[in-house]
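Numbering (this note's numbering), first residue to last: 641 to 868.
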C-alpha cells in the first residue's frame, strides 16, 4: 500500500517516518525533466528535516522526574502483591502451598546450576552449607552460617532479598524454605526446614534451621523435604 510522503509507516521502518530527504535525493537529478523546480526540491528537503525533528526522541531536558521505579523494585512489589492476593483469597496455608511449588522448582534450578559449576553429580554436606549462603548473597540477602553439626545447619539473616516487601507476607518465606529444603534433600537425602524467626513476621531477622536427620527432626516444627 502506498503511503503519502512524510507519513508514518508500519514496523521495520526505523522511527516510522518516510525519509523525505531520501526521496529528494532520488528526485533531484531528474527534477527539471519532470517539471519540478530547484525551489520545490529545496522545500521538500526542508520538510524532511522538520519531520525528523518532530520524530526525534526528547532530550534529557524533557525527562520526567525520577519516581524511583526500577526493575528490582517492580519485581519485588509484584511478588508481594501476588502473595497478598493469594493469602487474602485462599488463606495463608494454601498460599504457602502455591508458593512452595514455585520455590521447589527454583531450588531444583539453582541446585543444577551449582552442580554444574562445581562439576559434581551431588553436593557434599559442606558444599550444601556453603551454597545456601552463597545463593542468598547473590540475590542480596545476608545469610550467615552460625552452626553446623552432623544433623543440622543453622543460619541467621539480617536482610531479606525482598527487603521491606516481605513484611506481613509470611507466605513469601516459602521461597527460602523450599529452596533450602530442596537443595539439601536432593543432595543429602532429607531435610526439614524450620523458620524459627522471620523478618516477615516482624522478628527483625531470620533464623533458619535445616535439619538433616529425620529422627532428630521429628519433634521439630517445619516442612519436610525428600530427595526427588
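All C-beta atoms in this analysis are idealised placements derived from N, C-alpha and C, irrespective of residue type, glycine included.
- Between residue 833 and residue 863, the beta carbon gap of about 5 Å places them in contact (Cβ cut-off 8 Å).
- In this structure, the alpha-carbon of residue 779 lies about 12 Å from that of residue 716.
- Contact between the region 743 to 757 and the region 810 to 818 is present: 3 or more CB-CB pairs across the two stretches fall below 8 Å.
- Residue pairing of residue 787 in beta bridges, as defined by DSSP: 794.
- Remark: C-beta atoms of residue 828 and residue 852 approach each other more closely than 7 Å.
- Its Cα nearest to that of residue 856, the residue 790 stands out among 790, 714 and 721.
- Bridge partners of residue 800 according to DSSP: none are assigned.
- Under the three-state reduction of DSSP output, residue 859 falls in the coil class, being neither helix nor strand.
- Residue environment: residue 768 is assigned as buried (16 or more neighbouring CB atoms within 10 Å of its CB, all protein chains considered).
- Secondary structure of residue 723 (DSSP, three-state): helix.
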